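Per the working numbering, the sequence shown starts with residue -19, numbered consecutively.
Notes for the one structure printed next.
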Amino acid sequence: RGIRMLEDNIARNADTRLIPGADAFVLYDTYGFPIDLTELIAAEKGYKVDLEGFQKELEKQKERARNATANEFGDWQEFAAGDEVVFEGYDTLKVEGATLLKQRTVKQKNKEYFQLVFDRTPFYAEMGGQVGDTGFITGADGERIAILNTVKENNLSIHLAEKLPANPSQSFTLEVDAARRQKIMNNHSATHLLHRALREILGTHVEQKGSFVCADYFRFDFSHFQKVTDEEIARVEARVNELIRADEPLQEKRDATMDEARAMGAMALFGEKYGDRVRVVRFGDSVELCGGTHTPSTGRIGLFKVTAESAVAAGVRRIEAVTGEAAEARVHAMEEMLRTLRGLVNNVPDLAGAIRKLVEDNADARKQLEAVAAEKAAALADAVASHAQTIGSVRVARFEQSMDPAVVRNMALLLQKKAQNLVLAGAFAWEGKPNLVLMYSQDLVAAGRNAGKDIREAAKFIQGGGGGQPGLATAGGRNADGLADALDAFIAAATA
């Protein structure tokens, strides 16, 4: 659709030969066209891009983004004394009798949301690469309010709520979405098992460089000097699933000193800042410093499946993976794909061999088609050249037959290489759209002819635009009724 929009734009601005900055920005913002790509395509057609206008639109978008993300924080309303929040989410997903310490409203453009701080909470606040918990709070009066996220600010766990409680002075029951939390815990624990497996299989140079853990999937960044091969990924998957089946229980030591943690063999992440007291998480031989939430035992993870491996930076690789039901769904989707492929090749036993043969046969067929197309272009070139008429001092070959523009262009290239004193003037429709092609043989180009320049004038008759090299140029448009006039313009320019 982006290419079509650019082509329409070229046709629409044939008189100015300038792509408006606003249109170039739409191509960039909506269709993902880098501005230099738009410039390149436009230049091939003899057009320019209004870069100043594009830059203005870009600045407008940045301003809109700034306005959209600018938060207006209301003042905190305090209801009880206290500036510390006790996190109980390692041991329970439900806390009763919590007190609301303070609340405030946050406005973001036309939306607003609400922040609540309680004295106790089971909700894990977003940090360390792990997303925050969601769930509900219920007042003593029965009012139920959804918690949309939990974040950390100034060492406080802040609950983002859909609304403010009607009675902030009552006691509250806070309850985490248990199913979502379990998926997050499974994924977080899987990052520890993955770290261990990578160090075992790739080497002890592997160190965690970052991670992101949510309910749907996780990603794990680590130091490594080259792409992880398919065979290595298979081995890593097998090892992680082996550790899952071992059903190693979660062992943790909270409030440990760094010396105690080191004595336990805990791995600290490079660049991570730790306090005087840390939490040590152990699954079998995997021992790490970690403040996140984890599954009670590795068996709860169920299944581990890598979905992607890529480079993040020099010397840093990334693995994306899923666990549990998401991993099962991934495997089922792959099985369904295999069943579909087998059905397409009549359920042959050697599926890989059958597909390989199809690819080879397709490549052979493509070569044959290209050979036939080349023969067709050569035959067409000879036929067109043989019917050329001498007009003034040059030979002019008219071409008005409906044909694939790619074939016509190949024919023109052949004529340009071998013909002398020849002009190919093509004006034809293909799939309902008008097309123009103008070719000057090499000797005419040497004499000063310029197809790229001459085609631009003729393209106006078909409400289009085009461009190219001095020896060969093409154009497209929207008005097929103007083809005859465009052809006359070609001949007039060629024989002037």
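Just so you know, even glycine gets a beta-carbon here, dropped at the ideal spot from N, CA and C.
All values reported here derive from a predicted model rather than from experimental measurement.
Sort out for me which residues DSSP pairs residue i with in a bridge.
i, result
"glycine 446", "Ala455"
"lysine 233", "Val260"
"valine 86", "Phe53 and Tyr93"
"serine 203", "Val296"
"serine 277", "Pro229"
"glutamate 28", "Sequence inspection shows lysine at residue 28; the glutamate mentioned does not correspond to that position. Looking at the DSSP assignment, lysine 28 forms a beta bridge with Leu(-2)."
"phenylalanine 198", "Val193 and Ala301"
"methionine 247", "Glu268"
Between residue i and the rest of its own chain, which residues show a CB-CB distance below 6 Å, the 5 nearest in sequence each way excluded?
i, result
"aspartate 157", "Thr114 and Gly115"
"leucine 360", "Met391"
"alanine 105", "Gly112, Thr130, Val131, Lys132 and Ser137"
"threonine 72", "Pro102"
"proline 229", "Ser277"
"arginine 176", "Ser266"
"asparagine 221", "Phe284"
"isoleucine 335", "none"
Give the range of the beta strand (DSSP E) segment to which residue i is assigned.
i, result
"histidine 352", "Checking the sequence shown, residue 352 turns out to be valine, not histidine. Premise fails: valine 352 lies in the alpha helix (DSSP H), 331 to 366, not in any beta strand (DSSP E)."
"alanine 427", "Where alanine 427 is concerned, there is no enclosing beta strand (DSSP E), given that its DSSP letter is neither H nor E."
"lysine 397", "From DSSP, lysine 397 is part of no beta strand (DSSP E) but of the alpha helix (DSSP H) over 385 to 398."
"valine 374", "374 to 379"
"lysine 189", "188 to 193"
"alanine 409", "402 to 410"
"valine 156", "151 to 156"
"leucine 269", "266 to 269"
If you draw a straight line from the C-alpha of residue i to the C-alpha of residue j, how long is it?
i, j, result
"alanine 241", "glutamate 232", "11 Å"
"glycine 447", "glutamate 39", "31 Å"
"alanine 377", "glutamine 400", "12 Å"
"aspartate 461", "threonine 18", "29 Å"
"asparagine 510", "leucine 318", "The requested residue 510 does not occur in the structure, where the chain is confined to residues -19 to 476."
"arginine 215", "isoleucine 181", "7 Å"
"threonine 130", "threonine 287", "28 Å"
"glutamate 64", "alanine 170", "31 Å"
"leucine 424", "glutamate 411", "32 Å"
"glycine 26", "alanine 365", "28 Å"
"glycine 372", "serine 421", "16 Å"
"alanine 455", "glutamine 443", "10 Å"
"arginine 297", "arginine 160", "28 Å"
"glycine 69", "glutamate 43", "40 Å"
"phenylalanine 103", "alanine 332", "49 Å"
"alanine 226", "leucine 174", "14 Å"
"glutamate 300", "alanine 291", "11 Å"
"glutamine 110", "methionine -15", "42 Å"
"aspartate 55", "methionine 107", "24 Å"
"valine 208", "glutamate 289", "7 Å"
"valine 97", "threonine 273", "20 Å"
"aspartate 482", "aspartate 210", "Outside the displayed range of the chain (-19 to 476) lies residue 482, so it cannot be described from this structure."
"valine 193", "asparagine 135", "21 Å"
"leucine 467", "glutamine 35", "39 Å"
"isoleucine 213", "alanine -9", "50 Å"
"methionine 247", "methionine 238", "11 Å"
"lysine 143", "glutamine 95", "9 Å"
"glutamine 188", "lysine 91", "38 Å"
"glutamine 381", "leucine 463", "12 Å"
"alanine 78", "isoleucine 164", "24 Å"
"aspartate -5", "alanine 439", "10 Å"
"glutamine 41", "phenylalanine 5", "10 Å"
"phenylalanine 470", "alanine 405", "6 Å"
Can you list, in chain order, the residues of its chain whose CB lies under 7 Å from that of residue i, leaving out five sequence neighbours each side?
i, result
"valine 186", "Leu178, Arg179, Phe202, Ser203 and His204"
"alanine 453", "Leu418, Ala431, Gly432, Ile435, Gly446 and Gly447"
"alanine 146", "Glu123"
"valine 66", "Asp99 and Arg100"
"isoleucine 281", "Asn166, Ser169, Ala170, Ile224, Thr275, Thr303 and Gly304"
"leucine 394", "Ala357, Ala358 and Ala361"
Span of the alpha helix (DSSP H) holding residue i?
i, result
"tyrosine 420", "Segment 413 to 420 is the beta strand (DSSP E) holding tyrosine 420; no alpha helix (DSSP H) there."
"valine 216", "210 to 225"
"threonine 10", "1 to 11"
"threonine 370", "Here threonine 370 belongs to no alpha helix (DSSP H); instead the beta strand (DSSP E) covers 369 to 371."
"phenylalanine 470", "463 to 474"
"lysine 440", "Here lysine 440 belongs to no alpha helix (DSSP H), and DSSP marks it neither H nor E."
"aspartate 239", "238 to 243"
Can you name, in chain order, every residue of its own chain whose Cβ lies under 8 Å from the Cβ of residue i, other than the five neighbours on each side?
i, result
"arginine 259", "Glu232, Lys233, Arg234, Asp235, Ala236, Leu269, Cys270 and Gly271"
"glutamate -13", "Gly456"
Answer yes or no: does any C-beta atom of chain D fall closer than 8 Å to that of residue i?
i, result
"glutamate 350", "The structure shown contains no chain D, having only a single protein chain."
*Scan the region 280 to 332 and note each continuous beta strand (DSSP E) run of 3 residues or more that stays entirely inside, going in chain order.*
List check, beta strand (DSSP E) in window: 284 to 293 and 296 to 303.
_Which complete beta strand (DSSP E) runs does the region 58 to 142 hold, if anything under 3 residues is left out?_
Qualifying beta strand (DSSP E) stretches, in chain order: 74 to 88, 91 to 98, 115 to 119, 124 to 133 and 136 to 141.
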